[in-house]
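K.L.:
Quick one: the structure is below, and I'll ask about it shortly.
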Amino acid sequence: MTAARRLLAGLGLACLYAGVFLAFHPAILRGESFLGWDAVNEHWGDLLVPVHALRAGELPLWNPYERGGYDFLADPQTGVLYPFNWLVWLGAAVSGEGPWVVLFKALLHVAIGGLGTHLLLARLGLSRSASAFGGFAFVLSGRVAKAKDSAGLWSPVWLPWLVLTGLELVRRPSPRSGLAFGAATAMAFLSGYPPNFFRDLVGLAPVLIVALVLVVRGLPAARRHLARVAAAGAVAVAVVLGLALPNIIATLAWLPETVREQLDFAEVVYSTARPLHLFDALAPGTWREGAPVHYLGAIALLLAVFAIRCDALRITYAACALLFFLLACGDGFFLLPFLARRVPGFGLWRIPAQYFFGFAFFVAVLAAHGFDDLVRAEPARRRALARRLALVFAPACLGLLVALAWSRAPTSTGLGALFVALGGACLGGLLSARQWLRRAAAPATIVVALLELKVQARQIHEIAQRPPDLARDAALARLDDRVGWRIADDEHYRWRVGARLGVRDIFGRNSTLVTRRWRAFAARAREHAGLLAAANVRWYAGGHRSAVQRTAGGQSRWIPGQPVELRQAAPLAYWTARVELVEHEDDALERLATLPPGSAAVLEAALLHPDEAAAIAELRPEHAPVPAVLDTFARNRLALTIDAPAAGVLVVNEAWGPAGPRGSTASSQRCCAPTTCSAACWSARAGTRSSSSTARRACAPPLRSTRSLPCWCWAGWCGCPVGQVHENMLAWTCSIEHVLHRMSDPTPPRTRPAALAAGLTLKTCLLGHVL
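This note's numbering numbers the first residue of the sequence shown as -10 and each following residue consecutively.
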């Protein structure tokens, strides 16, 4: 078969798996329901941000339209470097930006998982019907069906490809196999869900170790083979680093300030699954109510049991399936708590039920082997296989009939017994002496298994929501200057209106790498107009409208059908010489709520260096705050003009990447680039007029640092947390070292406040990255 025909055959198989998966969701086909939760609340916006950026001629490295801005590349779920997301972007650019894009992405990954499982089983020497059975068992399992609207689906569908390319590397090491394994590994990581990428590696490692031992044990030149495996592995590592390193560096730079950095142990191991719930894998509701996510059909599960025999790889598959099931039980079994405390990696991730992906995959692989044993059974072995088949299926059928006495879902349990009997009969037909019966038995078994999944797992397939209603979006078109001012969409317009429509939403819905301080701000700002206004929010829409209007003190306006307008919001950027000092973070929020928006900076006194405290003491707040003029607002660039009446601080009300803003100034002022911050800061000598500046949001990691100063500045982006501010990092028109050096130089009294302000703004006039 030529390469073109193989490609067409692969595309046909991929479409088959995706088409059958979609057929299991008829309500979506009819338009009565749609993917819900994370699919439309988060991932839809993530897919549209790059489309808008590329259409505007910009790289999708930063998203300035939510939470004051955050590093779009650093967020793993955005998948900026993931090639299969590029296909979705292309589809959205050509066919429209409706919610269909998230359905297309889900089906694309179902196709990847089904095709990968099929090719793996075919590479292992299984028949076409057995490969198809395994592929359907995996992609139609309850865990995959439940994850159709979540990021959890994206990495596990690459597990078959990891096993396929990993076995090829172990058995036939070469630069080509190393390249393939590295590419598959990079795709599993870049797809956007690191927890399940780690779980993929947990399942991959024992399979490759056992396969390598089996290969080396029978080779006379074992050392030479191991050297070739190591060389191919080095190629794979190089490929992974080349493709994924930018994403890894960006994510690690943001992680320390996020809520993901310090997960509670109870949250890591919490699970509702228990070991006895394995009985529900035969028939949902036998042990507890509802359809379990680990359900993949009684026929497939019993075939997996039937396939276990004295074979190293099959025993490994069975051990991995059992391992993943017990890990998914979380605190219901001792294994995950033990590993989370003692083995690095296991204590980093939430939702142990995600381990059911590995359980579903390895059971599907074993079931396909059992199916193939029956399809290719030699006449001399058919009687023995028939006895083994009866020993597996008959007790299961009788057990389900007995379980009717205590089952929480008798109908499901009874249907489970019926499907086990039908499946056993069809599989028995594969051992018949009549050729026509053997030919008909294989497709009949697949049909019965699909029908079982369709009937028994319908509760999982029916998990959906109503299609998004975008009628409220029209109200946003009537708002003036949506760039200079923010909105606060508190679940009113929904579905990440900032990412979808390019309006600056202080909230947003993306929750992957949210900082702790931003979360504290958002929780209080939803009900307080002062905090919202200080954060450059001019319009509020949501369920706390009454509280927002009450705390606005008469400085708000509301027209039915429109968001609440806050009349005294802080500008995007402003100059001020007034600095308020507080003792703690909570005090900063309290003080900010009472200050006029955009009038002062609020800093934690305990975190200030003595030189900074002295610089603050020398500032003279004799002039009113001066708003800046916004010349340019783009995803990765700002241009501002400001008239500074005296020495003071210019605060830009935007977030910045860990490397700080990069840019230049078109005046003689000294300027400095704070890092890991949310504001660009300049200082001005008294009398300096009209300075313009351009700031670039940087996504690069810190280069070096000598000292860190975590602080809060609530001057413009009020309520957003400040992260670590690193010295000696980057500079704009002059180096930071030069600014600090000038601080220590003897300067005339009339210019010293400006020099001190330069050092002050370096570290304190910041607003914090707010992932």
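No residue lacks a Cβ here, since even glycine has one placed at the ideal position from N, Cα and C.
Note that this is a predicted model, so its numbers are computed, not measured.
For residue 341 and residue 141, what's the separation of their Cα atoms in angstroms?
P.N.:
Approximately 11 Å between the Cα atoms of the pair.
K.L.:
Roughly how far, in whole angstroms, is the beta-carbon of residue 65 from the beta-carbon of residue 236, given that I think they are within contact range, below 8 Å?
P.N.:
Their Cβ separation, rounded to whole angstroms, is 7 Å, which keeps residue 65 and residue 236 in contact under 8 Å.
K.L.:
Straight-line CA distance for residue 396 to residue 277?
P.N.:
The alpha-carbon atoms of residue 396 and residue 277 are separated by roughly 8 Å.
K.L.:
Please classify residue 424: is it buried, with 16 or more other beta-carbons within 10 angstroms of its beta-carbon, or exposed?
P.N.:
The residue is exposed, with fewer than 16 neighbouring Cβ atoms inside 10 Å.
K.L.:
Would residue 2 and residue 104 qualify as a contact pair, given that the criterion is a beta-carbon distance under 8 Å?
P.N.:
Cβ atoms of residue 2 and residue 104: closer than 8 Å.
K.L.:
Does the beta-carbon of residue 579 have 16 or more other beta-carbons within 10 angstroms, so that it is buried, or is it exposed?
P.N.:
Looking at its Cβ environment, which holds fewer than 16 other Cβ atoms inside 10 Å, residue 579 is exposed.
K.L.:
Starting from residue 47, follow the alpha helix (DSSP H) in both directions and report where the run begins and ends.
P.N.:
From DSSP, residue 47 is part of no alpha helix (DSSP H); its letter is neither H nor E.
K.L.:
Taking one C-beta from the region 227 to 234 and one from the region 167 to 174 each time, how about it: are there three or more such pairs within less than 8 Å?
P.N.:
Yes, since at least three Cβ pairs between the region 227 to 234 and the region 167 to 174 fall closer than 8 Å, the two stretches touch.
K.L.:
For the alpha helix (DSSP H) containing residue 626, list its first residue and its last residue.
P.N.:
Segment 626 to 631 is the beta strand (DSSP E) holding residue 626; no alpha helix (DSSP H) there.
K.L.:
If you measure between the beta carbons of residue 11 and residue 96, is that distance less than 8 Å?
P.N.:
Yes, these two residues count as a Cβ contact at 8 Å.
K.L.:
Under a three-way DSSP split, which group does residue 425 fall into?
P.N.:
In this structure, residue 425 counts as helix in the three-state DSSP scheme.
K.L.:
Since I believe residue 67 is in contact with residue 181 (beta carbons under 8 Å), could you give me their beta-carbon distance rounded to a whole number of angstroms?
P.N.:
Between residue 67 and residue 181 the Cβ distance is about 7 Å, and since that is below 8 Å, they are a contact.
K.L.:
Quick one: grab the DSSP three-state call for residue 704.
P.N.:
Unreliable positioning characterises residue 704 in this predicted model, as indicated by a pLDDT of 29, which lies under 50. The coordinate reading is nonetheless provided below. Coil, per DSSP.
K.L.:
Tell me whether residue 360 is buried or exposed, calling it buried when 16 or more other Cβ atoms sit within 10 Å of its Cβ.
P.N.:
The residue is buried, with at least 16 neighbouring Cβ atoms inside 10 Å.
K.L.:
Would a C-beta distance cut-off of 8 Å place residue 643 and residue 57 closer than the cut-off?
P.N.:
Result yes, Cβ atoms of residue 643 and residue 57 sit closer than 8 Å.
K.L.:
Say whether the region 267 to 276 touches the region 439 to 459, bearing in mind that this needs 3 or more beta-carbon pairs closer than 8 Å, one atom from each stretch.
P.N.:
Because the criterion of three Cβ pairs below 8 Å is met, the region 267 to 276 and the region 439 to 459 touch.
K.L.:
Looking at residue 605: is its Cβ nearer than 8 Å to the Cβ of residue 615?
P.N.:
Cβ atoms of residue 605 and residue 615: not closer than 8 Å.
K.L.:
Within this structure, are the beta carbons of residue 572 and residue 532 separated by less than 8 Å?
P.N.:
It is not a contact, given that the beta carbons lie outside the stated cut-off.
K.L.:
When you compare the region 464 to 471 with the region 422 to 437, are there three or more beta-carbon pairs, one atom per stretch, that lie closer than 8 Å?
P.N.:
They do not touch, by the three-pair rule.
K.L.:
For a minimum of 3 consecutive residues, which ranges assigned as the beta strand (DSSP E) are wholly contained in the region 296 to 346?
P.N.:
Taking only runs of at least 3 residues, no beta strand (DSSP E) segment lies wholly in the region 296 to 346.
K.L.:
If you check the beta carbons only, do residue 149 and residue 350 fall under 8 Å apart?
P.N.:
It is a contact, given that the beta carbons lie within the stated cut-off.
K.L.:
For residue 487 versus residue 31, is the C-beta distance shorter than 8 Å?
P.N.:
Cβ distance not < 8 Å, so residue 487 and residue 31 don't count as in contact.
K.L.:
Counting Cβ pairs closer than 8 Å, one from the region 554 to 568 and one from the region 514 to 522, do we hit at least three?
P.N.:
At 8 Å Cβ cutoff, the stretches touch.
K.L.:
Just to check my reading of the structure: residue 552 and residue 528 have Cβ atoms closer than 8 Å, yes? What is that Cβ distance to the nearest angstrom?
P.N.:
That pair is a contact at about 4 Å.
K.L.:
In its own chain, which residues sit with a C-beta less than 6 Å from the C-beta of residue 457, not counting the 5 before and 5 after it?
P.N.:
Cβ within range, chain order: 29, 88, 484.
K.L.:
Mind checking if residue -8 is an interface residue toward chain C, Cβ cutoff 8 Å exclusive?
P.N.:
Included in the structure is just one protein chain, with no chain C present.
K.L.:
Can you name the residues that DSSP bridges to residue 494?
P.N.:
In the DSSP output, where bridge partners are listed per residue, residue 494 has 55, 476.
K.L.:
I'd like the span of the beta strand (DSSP E) that includes residue 531, first residue to last.
P.N.:
Its beta strand (DSSP E) spans residues 526 to 531.
K.L.:
Return the CA-CA distance between residue 73 and residue 101, expressed in angstroms with no decimal places.
P.N.:
Spanning the two alpha carbons is a distance of roughly 10 Å.
K.L.:
As a quick exercise: from 450, 375, 399, pick the residue whose alpha carbon is nearest that of residue 417.
P.N.:
Among 450, 375, 399, the Cα nearest to that of residue 417 belongs to 375.
K.L.:
Mind pulling the alpha helix (DSSP H) runs of 4 or more residues that sit fully within the region 577 to 630?
P.N.:
List check, alpha helix (DSSP H) in window: 599 to 607.
K.L.:
Quick one: using the 10 Å Cβ neighbour count with 16 as the cut-off for buried, is residue 449 buried or exposed?
P.N.:
Result: buried.
K.L.:
Any idea which residues DSSP pairs residue 641 with across the strands?
P.N.:
The partner list for residue 641 (beta bridge, DSSP) reads 562.
K.L.:
Distance check for residue 154 and residue 368, CA to CA, integer angstroms please.
P.N.:
Near 34 Å, if we compare the C-alpha coordinates of residue 154 and residue 368.
K.L.:
Put residue 503 into one of helix, strand or coil per three-state DSSP.
P.N.:
Three-state result, residue 503: coil.
K.L.:
Check whether the Cβ atoms of residue 187 and residue 413 lie closer than 8 Å to each other.
P.N.:
Contact flag unset, no.
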